[in-house]
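**Student:**
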Amino acid sequence: MKLAEPSWLLRATRVNATDSRWRTASVFAQGTDDVPAVNRSQVTRWERGEIAPTYAVVRRYEIICGLPEGHLATAFDLVHRHAHPVAAAPALRRPMPQDPGAVADHLVGRALDGGPVTGLEWDQLSAMLGETPMAFMLGRDWQQLVRRGLREMDVSVRLGYCQRSEAMSRIAGHPRASGHVVDLTRAILNDPDAQVYSEAASLLRYVDHPDAHRLLYDVIADPVGPHALRAALYAAATMVRDRRTPHPVAVDLVRQALDIARDVEHPYRVRRSAADVLLALRPATRTSIAEEFRRRPEDLALASIISGDGPRPRSQGRALRGRIVEQVQDQVDGSLHDQPQLLRLLTYITVESNDELRSFALNLLMLLPFGPAVGHAYLTELRSCVEHGDMFGIHEALGVLIALAPGEDLSLVTDLAVRAVPVPADVDQVAVEACWALGNAPVVTLSADPDDRIAEAVRQSWQQKTAICPDLVGAWAYVLGMRGRRDLLESLVPPAGVATGAVWDNARRWWLDAPAHALGSRSC
1 MKLAEPSWLL RATRVNATDS RWRTASVFAQ GTDDVPAVNR SQVTRWERGE IAPTYAVVRR
61 YEIICGLPEG HLATAFDLVH RHAHPVAAAP ALRRPMPQDP GAVADHLVGR ALDGGPVTGL
121 EWDQLSAMLG ETPMAFMLGR DWQQLVRRGL REMDVSVRLG YCQRSEAMSR IAGHPRASGH
181 VVDLTRAILN DPDAQVYSEA ASLLRYVDHP DAHRLLYDVI ADPVGPHALR AALYAAATMV
241 RDRRTPHPVA VDLVRQALDI ARDVEHPYRV RRSAADVLLA LRPATRTSIA EEFRRRPEDL
301 ALASIISGDG PRPRSQGRAL RGRIVEQVQD QVDGSLHDQP QLLRLLTYIT VESNDELRSF
361 ALNLLMLLPF GPAVGHAYLT ELRSCVEHGD MFGIHEALGV LIALAPGEDL SLVTDLAVRA
421 VPVPADVDQV AVEACWALGN APVVTLSADP DDRIAEAVRQ SWQQKTAICP DLVGAWAYVL
481 GMRGRRDLLE SLVPPAGVAT GAVWDNARRW WLDAPAHALG SRSC
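The numbering of the sequence shown is UniProt numbering, which starts it at 1 and goes up by one.
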């Protein structure tokens, strides 16, 4: 299931504009003081895809609808990359400065010297490099550029994250950079002290390099931890599904994934990603394996994924999609049935098991006007799942909220993050996922400050005699780091002898070194 050509994004942006004046095409066509008028029929042709929109057309929509420069263009890039993973140049050709070489040199120099580079500047730099296949830089400079971009991806959200993600995807597809991307990804996935693995692994989907497949096999065979393992499985599922791995390597990856999916010692999300890799098998083989998993009630979700039904049985998936559509409809103007591409995105996040497809849909929803409504709908779903003890539903709802959590009404997510709400199982893993959602949410003034509650949970953990899950310790640091609480990270120094003191100290130092201009919901 693929989305239509990205011209539908133009209409979606206009009819959901914050200023209701622009929702009428005839008024929109009149333009503003800064944007010239066009014929009403021209707007229709743009939005129907009868005329391929240019960057200037997309910029027109951004200006009139009050969006930052590059916001809608980045959404176009996401849709294009979904269909064309390996591409060094953007979908919409950017306007080049009079002296592109000088501008590129300036931005590369600033990136290599540690100066601030905004998401829009990453977009400009990567677009210029993509237009120059023979661009010359020393190998160490390519590596440093990729390392810098990944570091900023790790700590940014929403538009800032999507711009950096697209920029790094272009650089990964550059013929002179792909080998350096693989080398750096190998170093990160084998570093037990790394705080984020998923962004590095995701770049392997965008390179055309023979070592990428073997790297995934090696990491899955001997991972430094569950997060590195899940990141590698995430990338492997897409590459095997798209037949971008040699057949012998694909067979090895599927065998590894089956062993991991069977191993109940692995966290739920690791086993879920392993089950996704198994979708590369023939239907008859998957049916046989799914029957094996159905023998354990706890593994029904995995059985459903392996059989091809998605993360829930089909009837449950349809019911969930219906609930989410109904709740989103209550929060937006106009009928969702007039916006079929939005309905398709909701299908991706409710009934699709492939992490890459879900990630694509969630990233796009971050940039679209419907994103907050979807986030609120999943908060309601999370409350219901917690109330009914639906562990699978809790994991799935948090998986969406990691990308789309709103900035308000996060008391339940905070309760889960500090383990203040009982759940039937996976208490620490649920807390980790809640921390990711909390850290990625927009920062607003709340009556019950989640930062202070996280800090108190850290202090209390030092007093406990029972061991604290190291992943949860790192996740607490993630919340404070993403929310820009350097003051708390600096003050929370563990006393000597605390079992997880070294884990906390490593995590907080990693966040204290994070580039402030790219951090969390304040990223630019």
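Heads up, the beta-carbon is just placed ideally off N, CA and C, and yes, glycines get one too.
#1: Are V430 and L404 closer than 7 Å when you measure CB to CB?
#2: So what's S156 in DSSP terms, helix, strand or just coil?
#3: Nearest to Y161 by alpha carbon, out of V493, L362, G474, A496?
#4: Can you tell me whether E47 is buried or exposed, with buried defined as 16 or more other CB within 10 angstroms of its CB?
#5: Who are the near neighbours of A290 in its chain, counting only those whose CB is closer than 6 Å to its CB and skipping five residues on each side?
#6: Three or more C-beta pairs closer than 8 Å, one from the region 60 to 68 and one from the region 95 to 102: is that the case here?
#7: Please report the straight-line C-alpha distance between D113 and D505, rounded to a whole angstrom.
#8: Flag this pair as touching only if the region 198 to 214 and the region 107 to 122 have three or more C-beta atom pairs under 8 Å; answer yes or no.
#9: Check whether the region 210 to 221 touches the region 234 to 241, taking contact to mean three or more Cβ pairs, one atom from each stretch, closer than 8 Å.
#10: By the three-class DSSP mapping on this structure, what secondary structure does F293 have?
#11: Identify every run of the alpha helix (DSSP H) within the region 326 to 355, keeping only runs that are complete inside it and at least 4 residues long; order them along the chain.
#12: Please go through the same chain and pick out, in chain order, the residues whose beta-carbon is closer than 8 Å to the beta-carbon of V493, but skip the five residues on each side of it.
#13: Roughly how far, in whole angstroms, is the beta-carbon of L129 from the beta-carbon of A104, given that I think they are within contact range, below 8 Å?
#14: In the DSSP assignment, find the alpha helix (DSSP H) that holds P226 and state where it starts and stops.
#15: Is the region 160 to 175 in contact with the region 114 to 125, if contact means three or more CB pairs nearer than 8 Å?
#16: Quick one: which unbroken alpha helix (DSSP H) runs of 4-plus residues sit fully inside the region 21 to 78? Chain order, please.
#17: Can you tell me whether DSSP reads Y197 as helix, strand or coil?
#18: In chain order, what residues of the same chain have a beta carbon less than 7 Å from the beta carbon of S447, not counting five sequence neighbours either side?
#19: Who are the Cβ neighbours of T287 in its own chain at under 8 Å, not counting the five residues just before and after it?
#20: Is it buried or exposed, T18, if we count other Cβ atoms within 10 angstroms and call 16 or more buried?
#21: Can you give, in chain order, each stretch of the alpha helix (DSSP H) that sits fully within the region 127 to 192 and has at least 4 residues?
#22: Note down, one range per segment and in chain order, each alpha helix (DSSP H) of at least 4 residues found wholly within the region 463 to 489.
**Tutor:** Reading off the structure:
#1: Taking the first residue of the sequence shown as 1, we reach residue 430 at position 430. Taking the first residue of the sequence shown as 1, we reach residue 404 at position 404. In this structure, L404 does not lie closer than 7 Å to V430 by Cβ.
#2: Along the sequence shown, read from residue 1 onward, the residue named residue 156 stands at position 156. Here S156 sits in strand by DSSP.
#3: One-based indexing of the sequence shown puts residue 161 at position 161. Of the candidates V493, L362, G474, A496, the one whose C-alpha sits nearest the C-alpha of Y161 is L362.
#4: Within the sequence shown, the letter at position 47 stands for residue 47. It counts as buried.
#5: As a working mapping, residue 290 is identified with position 290 in the sequence shown. The residues are A303, I306, S307.
#6: no
#7: Counting from 1 along the sequence shown, the entry for residue 113 is found at position 113. Counting from 1 along the sequence shown, the entry for residue 505 is found at position 505. The alpha-carbon atoms of D113 and D505 are separated by roughly 27 Å.
#8: no
#9: yes
#10: Within the sequence shown, residue 293 is the residue found at index 293, counting from 1. Reduced to three states, the DSSP call for F293 is helix.
#11: 340 to 351
#12: By 1-based counting over the sequence shown, the position of residue 493 is 493. Excluding sequence neighbours, V493 sits near D505.
#13: Here residue 129 refers to the residue found at position 129 of the sequence shown. Here residue 104 refers to the residue found at position 104 of the sequence shown. Indeed, because the Cβ distance is near 7 Å, the residues count as touching under 8 Å.
#14: Sequence index remark: in the sequence shown, residue 226 carries index 226 (1-based). That run of the alpha helix (DSSP H) goes 226 to 241.
#15: yes
#16: 25 to 29, 40 to 48, 55 to 64
#17: Numbered from 1 along the sequence shown, position 197 holds the residue referred to as residue 197. Coil.
#18: Taking the first residue of the sequence shown as 1, we reach residue 447 at position 447. Per-residue confidence for S447 stands at a pLDDT of 48, beneath the threshold of 50, marking its modelled position as unreliable; the derived number appears in the next sentence. Same-chain partners within the cutoff: there are none.
#19: Within the sequence shown, numbered from 1, the residue matching residue 287 stands at position 287. The answer, listed in chain order, is S307.
#20: Position 18 of the sequence shown, counted from the first residue, corresponds to residue 18. Exposed.
#21: 139 to 155, 158 to 172, 178 to 189
#22: 470 to 482
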